[in-house]
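Engineer:
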C-alpha cells in the first residue's frame, strides 16, 4: 500500500515537473525566435536602426520614430497617472472610511480588467473629437491623445498596488507617530509613504509597463505615422509606437521590413521585461521588510 502511494506521488511529481519544463522551454523558444528573427535587421542597419527613417518605397525600415513615440506617450501617461494614482492610493489606504473603501477598491480593480480595445474605442470616439476643437487641431489623433488614454489605463494598476503597499506598513509605526503628536498628514508623509516607497515604486513601474506594452488602445488614437514631430516635443502631432507599428504592419510585411518589426519586438521585450523584473524585486523587498522574510 505504501509502495503504491509512493509510486503515485512520483507520477504526480513527474507530471508537474514536465509541465514546468514545457513552460520554460516555450519561454526560451519565444526568446530565441524573437532575437533570431530580428538579427538580420540589426546586421543590415547596425546602430543606425535607431534612426527615424521608415520608407516603404525606399525599403528602409528604421525604428527610431516608433521608439521616440513610445517614449513620449509613456512619459505623458506617467505624468498623468503617477500623481493621481498615488493620491488615490493614499486616500484609499489612509483616509477613506471603510464603507467607501469597500466600494472604490473593487471598482478600481474592475477598471484594470476592462479590455484595452474599449479604452481605445472611447478615446477615438470621445477624446479625439473633444481635443480637435478644444486645442484648434487639424485632427485630434495625436501623441497627446495616446498619453491621456494610456494614463487612464495605467491608473488602476498604480492605485491598487500602491494601496496594497501602503496597507502593508505596520500599524504600530503609524500609531507610534500619532502618539508622539504627529498629525495624520505628517504620519503619511514622513512615516507611511517612505516606508512603502519600494512598493510604490513597483506600482509606478508596473503602470509604465502597461503603458509601454499597450497596443490596440494606443493604435486607435496616435495616428500611426512613422515620424518624429517638428519640433520633437510637439505632442499634438501624430506619431507611432513600437506596439502600434507591429500590429498594423506585420500582416503585410516582407523581407527586411519583417525583421525590423521583430527588432521592435526585441526592444519591447527588453523594456517590459526589465520593468517586470524590477517591479517584482521591489515587491519582494516590501514583503521581506514587513514579514520578516
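In the numbering used here, the protein residues as written are 3 to 295. Glycine included, each C-beta is placed from N, C-alpha and C at the ideal position.
Hey, out of 283, 258 and 287, whose CA is closest to residue 60's CA?
Structural biologist: The shortest C-alpha separation from residue 60 is found at 258.
Engineer: To the nearest angstrom, report how far apart residue 37 and residue 106 are at their CA atoms.
Structural biologist: Between residue 37 and residue 106, the C-alpha separation is close to 43 Å.
Engineer: Can you list, in chain order, the residues of its chain with a C-beta nearer than 7 Å to that of residue 139? Leave out the 5 residues immediately preceding and following it.
Structural biologist: Closer than 7 Å at Cβ, skipping near neighbours: 133 and 238.
Engineer: Would you call the segment 172–184 and the segment 72–87 in contact, with 3 or more CB pairs under 8 Å?
Structural biologist: The segment 172–184 vs the segment 72–87: no contact.
Engineer: Mind checking who residue 187 pairs with in its DSSP beta bridge?
Structural biologist: Paired residue(s): none; residue 187 is not in a bridge.
Engineer: Residue 73: which of 226, 249 and 210 sits nearest, CA to CA?
Structural biologist: Closest by alpha carbon: 210.
Engineer: Hey, residue 225 and residue 143 are a contact pair by Cβ (cut 8 Å); roughly how many whole angstroms apart?
Structural biologist: Confirmed, about 4 Å.
Engineer: Quick check on the DSSP output: what are the complete beta strand (DSSP E) runs of length 3 or more inside the segment 72–145, in order along the chain?
Structural biologist: Counting only runs of 3 or more, we get nothing.
Engineer: Which first and last residues belong to the alpha helix (DSSP H) in which residue 174 is found?
Structural biologist: That run of the alpha helix (DSSP H) goes 173–181.
Engineer: Would you mind giving the Cβ-Cβ distance between residue 40 and residue 265, rounded to the nearest angstrom? I have them listed as a contact below 8 Å.
Structural biologist: Yes, residue 40 and residue 265 are in contact; Cβ-Cβ is about 4 Å, under 8 Å.
Engineer: When you compare only the Cα positions, how much space is there between residue 278 and residue 66?
Structural biologist: Distance between the alpha carbons of residue 278 and residue 66 is about 23 Å.
Engineer: If you follow the alpha helix (DSSP H) that residue 250 is in, where does it begin and where does it stop?
Structural biologist: That run of the alpha helix (DSSP H) goes 244–251.
Engineer: Where residue 63 and residue 231 are concerned, what is the direct C-alpha to C-alpha distance, given to the nearest angstrom?
Structural biologist: Each residue's alpha carbon lies about 18 Å from the other.
Engineer: Counting along the chain, where does the alpha helix (DSSP H) carrying residue 212 start and finish?
Structural biologist: 199–215 is the span of the alpha helix (DSSP H), which, as asked, contains residue 212.
Engineer: If contact is defined by three or more beta carbon pairs under 8 Å, each pair taking one atom from either stretch, is the segment 158–168 in contact with the segment 198–216?
Structural biologist: Yes, since at least three Cβ pairs between the segment 198–216 and the segment 158–168 fall closer than 8 Å, the two stretches touch.
Engineer: Do you know how far the Cα of residue 17 is from the Cα of residue 213?
Structural biologist: Taking the straight line from one Cα to the other gives about 37 Å.
Engineer: Looking at the structure shown, is residue 240 part of a helix, part of a strand, or coil, going by DSSP?
Structural biologist: Note: residue 240 maps to coil in three-state DSSP.
Engineer: In three-state terms, what does DSSP make of residue 62?
Structural biologist: Strand at residue 62.
Engineer: In whole angstroms, give me the CA-to-CA distance for residue 268 and residue 221.
Structural biologist: Going from the Cα of residue 268 to the Cα of residue 221 covers about 19 Å.
Engineer: Run the CB neighbour count on residue 34, radius 10 Å, all protein chains shown included, and call it buried at 16 or more, exposed below.
Structural biologist: Per the 10 Å Cβ criterion, exposed.
Engineer: Helix, strand or coil for residue 275 per DSSP?
Structural biologist: In the structure shown, residue 275 sits in a helix (DSSP, three-state: H, G or I).
Engineer: What did DSSP end up calling residue 57 once you bin it into helix, strand or coil?
Structural biologist: Residue state, collapsed to three classes: strand.
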